[in-house]
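Each number in this note's numbering comes from the position in the sequence shown (counting from 1) with 189 added on.
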Amino acid sequence: MPHIHPVTPAEATGAVSDLYDEMTAVRGSVPNLFQLLGYSPKMLGPAIALANFAGSPDSRVPARHKQLAYLIASYMNNCHYCLERHAVAGAKAGLTVAQIEAILDEEDINLLESPVFDAREKLIIQYSQELTAYTATTPETIEAMKKTFDDEEFLELTFVIATANMFNRLAEGLAVQLEPEYIRKTKED
């Protein structure tokens, strides 16, 4: 159970109802996390904008790379809700099944050594891991990032990782329940 009662679409009024309608038009529904933010349109509106940027293909960084960064931060933070939702978003953005499985089952392999990721993707993984774990990165990682990505791409990746960390903390801090359609079937099922 979440720690607070969600504001469901049926309960929403005014600006929150309008934001829910916009979200439903884009996503098909209002995710549980955003229903918990439904107490305040001043929080909900910016949160939707952040989430939309993280998933948008309209940026310098390809959506699959943004989803990779988001998934790594979510894995590092052990945020089950964000991992499962962004595994689906990552697949839609172009991450392969092998890449997603490598992230979700990372105990089996070091992602930086995995053959399913190219050099650019491994750098995104490394940067996401360091920024999430330490809120800073090594000079070597910064140098590699600057050689590989232009300033706008570097900013976008940093922004997505920071956004993931914020949503991870909201999801875990409020005990958001994963929507049934996002629950993965395990090999035992």
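Where a beta carbon is used, it is the ideal one built from N, C-alpha and C, also for glycine.
Out of F338, H192 and L320, state which residue places its alpha-carbon closest to the alpha-carbon of S263.
Start at 1 with the first residue of the sequence shown, and residue 263 comes out as number 74. Checking every option, the nearest Cα to that of S263 belongs to L320.
So what does DSSP say about A364, is it helix, strand or coil?
Position 175 of the sequence shown, counted from the start, is the residue given in the question as residue 364. Reduced to three states, the DSSP call for A364 is coil.
Could you give the residue range of the alpha helix (DSSP H) that holds F223?
Taking the sequence shown and counting its residues from 1, one reaches residue 223 at position 34. Taken as a continuous stretch (DSSP letters only), the alpha helix (DSSP H) holding F223 covers N221 to L225.
Which of helix, strand or coil does DSSP assign to I193?
Taking the sequence shown and counting its residues from 1, the one referred to as residue 193 is at position 4. In this structure, I193 counts as coil in the three-state DSSP scheme.
Measuring only the C-alpha atoms, how far is M265 from E200?
In the sequence shown, residue 265 corresponds to position 76, counting from 1. In the sequence shown, residue 200 corresponds to position 11, counting from 1. Computed Cα separation, rounded: 34 angstroms.
So, T352 versus L239, is the Cβ gap smaller than 8 angstroms?
Taking the sequence shown and counting its residues from 1, the one referred to as residue 352 is at position 163. Taking the sequence shown and counting its residues from 1, the one referred to as residue 239 is at position 50. Cβ distance < 8 angstroms, so T352 and L239 count as in contact.
By how many angstroms is the C-alpha of R358 removed from the C-alpha of D340?
On the sequence shown, position 151 is the one that residue 340 refers to. On the sequence shown, position 169 is the one that residue 358 refers to. Near 27 angstroms, if we compare the C-alpha coordinates of R358 and D340.
Candidates A276, P251, S245 and P198, of which the one nearest E342 by Cα:
Numbered from 1 along the sequence shown, position 153 holds the residue referred to as residue 342. Closest by alpha carbon: P251.
Residue interval of the alpha helix (DSSP H) (run including C271)
As a working note, residue 271 is residue 82 in the sequence shown. It spans H269 to A282 - the alpha helix (DSSP H) in which C271 sits, taken as one unbroken run.
Closest to P230 by C-alpha separation, out of V215, V205, S218 and T330, would be which residue?
Here residue 230 corresponds to residue number 41 of the sequence shown, with the count starting at 1. The shortest Cα separation from P230 among V215, V205, S218 and T330 belongs to V205.
What separation, rounded to the nearest whole angstrom, lies between the Cα atoms of L300 and L312?
One-based indexing of the sequence shown puts residue 300 at position 111. One-based indexing of the sequence shown puts residue 312 at position 123. Rounded to the nearest angstrom, the two C-alpha atoms are 10 angstroms apart.
Looking only at C-alpha atoms, which of D294, P220, Q224 and F338 sits nearest to E370?
Taking the first residue of the sequence shown as position 1, residue 370 is located at position 181. Checking every option, the nearest Cα to that of E370 belongs to P220.
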